[in-house]
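Reading through the structure tokens given below for one structure.
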Amino acid sequence: MKDESQGEFKGHLGLASGILLIVTIILGSGILVLPGLVFQKIGRDGIYAWLACSLLSVPILTTMVVLGSAYPNTGGVAYYAKLAFGQYPELLVALLFLGATLLGLPSIAIVGSAYLQKLTGSSVDIHLLAALLILLAAFFALSGGETLSSGVRLVGGSSLFLLVGALVALIVLAVRASGVGFSRPSDFLSVASQIPLIFFSFTGWEIASHLSADFRNPKNFGRAMFFAFVLVCSAYVGSAALVHIADIKANFNTPIFQAAAQVAPFAPGWLVPLLGVSLIVANLFGSVVAVSRLVLYLSGRRFLPASLGYLRDGAPRNSVYFVAASLIVIVVCDKIGLLDIEMMFSLAGTNFIAVYVISAIALVRLRGGLAAWLLAAAILIPSGLIIFSAASSVSYIASTALIAYVSVRNNRTRLI
Numbered sequence: 000m001k002d003e004s005q006g007e008f009k010g011h012l013g014l015a016s017g018i019l020l021i022v023t024i025i026l027g028s029g030i031l032v033l034p035g036l037v038f039q040k041i042g043r044d045g046i047y048a049w050l051a052c053s054l055l056s057v058p059i060l061t062t063m064v065v066l067g068s069a070y071p072n073t074g075g076v077a078y079y080a081k082l083a084f085g086q087y088p089e090l091l092v093a094l095l096f097l098g099a100t101l102l103g104l105p106s107i108a109i110v111g112s113a114y115l116q117k118l119t120g121s122s123v124d125i126h127l128l129a130a131l132l133i134l135l136a137a138f139f140a141l142s143g144g145e146t147l148s149s150g151v152r153l154v155g156g157s158s159l160f161l162l163v164g165a166l167v168a169l170i171v172l173a174v175r176a177s178g179v180g181f182s183r184p185s186d187f188l189s190v191a192s193q194i195p196l197i198f199f200s201f202t203g204w205e206i207a208s209h210l211s212a213d214f215r216n217p218k219n220f221g222r223a224m225f226f227a228f229v230l231v232c233s234a235y236v237g238s239a240a241l242v243h244i245a246d247i248k249a250n251f252n253t254p255i256f257q258a259a260a261q262v263a264p265f266a267p268g269w270l271v272p273l274l275g276v277s278l279i280v281a282n283l284f285g286s287v288v289a290v291s292r293l294v295l296y297l298s299g300r301r302f303l304p305a306s307l308g309y310l311r312d313g314a315p316r317n318s319v320y321f322v323a324a325s326l327i328v329i330v331v332c333d334k335i336g337l338l339d340i341e342m343m344f345s346l347a348g349t350n351f352i353a354v355y356v357i358s359a360i361a362l363v364r365l366r367g368g369l370a371a372w373l374l375a376a377a378i379l380i381p382s383g384l385i386i387f388s389a390a391s392s393v394s395y396i397a398s399t400a401l402i403a404y405v406s407v408r409n410n411r412t413r414l415i
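Every letter in the sequence shown is one number past the one before it in numbering that gives the first Met the number 0, and letter 330, counting from 1, is 329.
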């Protein structure tokens, strides 16, 4: 094994493996749950809420593509903040991002462990299974170079193949059984009311920004993000279309399972749990890879111990260990009641919105021009409305900002 410094980190992802890795970061368990919940609330108008969210995520995607292509770096959004504003916003974004991922990913692992229980019929504690899923994802994330690309093709490719195969087969059967009937939305306000529920299914482009330095050809980062966006939107809209066409009557929290029961009663009962486990393992794998890149960057900036910045066989293994251990600590906190999954999802969402705001302002500062201003406005207006609609969001972000300010003010970190 070869030990290296982080300055020798080199990208090995090609276009195809990059697309798959980004898709694994975006697609999670929400695709198996939210289409049914939205359909239950607004019926056949639900598919238009998914189309609307696809359009609303375009400014965020475009911002990350522009910044990631122009300034490829493992620091991602924290690096963009540093270039635009300096050390304090850099640390603020890093804290917000780590807070979002270190709270959000354990929540996803806990949801995945519920699917694993259904798949195996196990009575093992759900938190222990969540820790095992995190360790499995970390195991794949420990690889570097071409081995990482192979792992991406194995984990990401198999989960995406299973998802697309199941959706296509079920949609075809649903069309044969019920035909296709789409009409114009009957209530635009109802459609708009569901956007906050499903919008965070489209988050993750800011996580993917930390992978820009993982590509052999930096130009492929933007292409990979675009094609990943097409695949992700197609999967979400496809799942909503399946629920729409099948016109499910019950089990709205497991819509794909219910659609399969209605249009393909012969389908094996393990299909949906297997699909859920594969999607969540892939999601955890891609996210651990991306977050470990931020940890690698922060160690180089002396925000975190330098030992986390060493590479082994081209992979930041110490960073992966750090991320996995942190995620398991949060799972333990949920187990003993210090946190709960609803709080974890809420705090993670707040952090992501704050990161979007800073990224949008950084885009204007770094790139300028009318296009940058329009993109920033498209992000800032809805983000500001969401943040200021809840006093807890403002106080939480303010507390994080104070921690970052005090850290910089007291010279707890040292630039290199």
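Even for Gly, the Cβ is constructed at its ideal location relative to N, Cα and C.
Since we're looking at a predicted model, the values are computed, not measured.
Report task. Return the first residue and the last residue of the alpha helix (DSSP H) that H209 is part of. Result -> Where H209 is concerned, there is no enclosing alpha helix (DSSP H), given that its DSSP letter is neither H nor E.
Query raised in the report: Buried or exposed: where does A249 fall if 16 or more other Cβ atoms within 10 Å of its Cβ makes it buried?
Result: exposed
Requested in this report: Kindly indicate which residue of F302, S142 and A260 has the alpha-carbon position closest to the one of P11.
Outcome: Sequence check: residue 11 is His here, not Pro. The candidate whose alpha carbon is nearest that of H11 is S142.
Query raised in the report: At what residues does the alpha helix (DSSP H) containing A175 begin and finish?
Result: The identity of residue 175 in the sequence shown is Arg, whereas the question assumes Ala. Looking at the DSSP string, the run of the alpha helix (DSSP H) that includes R175 is G144 to S177.
Query raised in the report: Roughly how many whole angstroms lie between the Cα atoms of V37 and T253?
Result: Looking at the two C-alpha atoms, the distance is approximately 12 Å.
Query raised in the report: Are the Cβ atoms of I352 and S394 separated by less than 8 Å?
Result: no
Requested in this report: Have a look at the DSSP bridge pairing and note the partners of L12.
Outcome: F214
**Report entry** Inter-residue Cα distance where the pair is A108 and I329
**Finding:** Taking the Cα positions, A108 is about 11 Å away from I329.
Requested in this report: Would you give the residue range spanned by the alpha helix (DSSP H) that I250 belongs to?
Outcome: Per the sequence shown, residue 250 should be read as Asn rather than Ile. Neither: N250 is in no alpha helix (DSSP H) and is coded neither H nor E.
Query - Own chain, CB closer than 7 Å to S112, minus 5 neighbours either side, in chain order - result: I125, L128, A129 and L132, listed in sequence order.
Query raised in the report: Taking C-alpha atoms, which residue in R408, L295 and G103 lies nearest to D339?
Result: G103
Query raised in the report: Considering V65, what are the terminal residues of the alpha helix (DSSP H) in which it resides?
Result: V57 to A69
**Report entry** Close Cβ partners of R43 (< 6 Å) along its chain, the five nearest in sequence each way excluded
**Finding:** H243
**Report entry** Classification of A403 by the beta-carbon crowding that lies within 10 angstroms, buried from 16 upward
**Finding:** buried
Query raised in the report: What are the boundary residues of the alpha helix (DSSP H) that includes W372?
Result: Boundaries of the alpha helix (DSSP H) around W372: G368 to F387.
Query raised in the report: Below 8 Å between beta carbons: does that hold for L230 and L166?
Result: In this structure, L230 sits away from L166, with a CB-CB distance that is not shorter than 8 Å.
Query raised in the report: Taking the alpha carbon of V354 as the point to measure from, which residue in T119, L283, E205 and L20 has its own alpha carbon closest?
Result: E205
Requested in this report: Could you name each continuous beta strand (DSSP E) segment of 3 residues or more that falls completely within the region 227-272, going from the start of the chain to the end?
Outcome: none
Requested in this report: For W49, I'd like the list of residues in its chain whose CB is within less than 6 Å of its CB, leaving aside the five on either flank, ordered along the chain.
Outcome: Y235, V236 and A239
**Report entry** 6 Å Cβ shell around A176 - same chain, five flanking residues per side excluded
**Finding:** V262
Query raised in the report: Closest by CA to V363, which one among A83, G29, L60 and L19?
Result: A83
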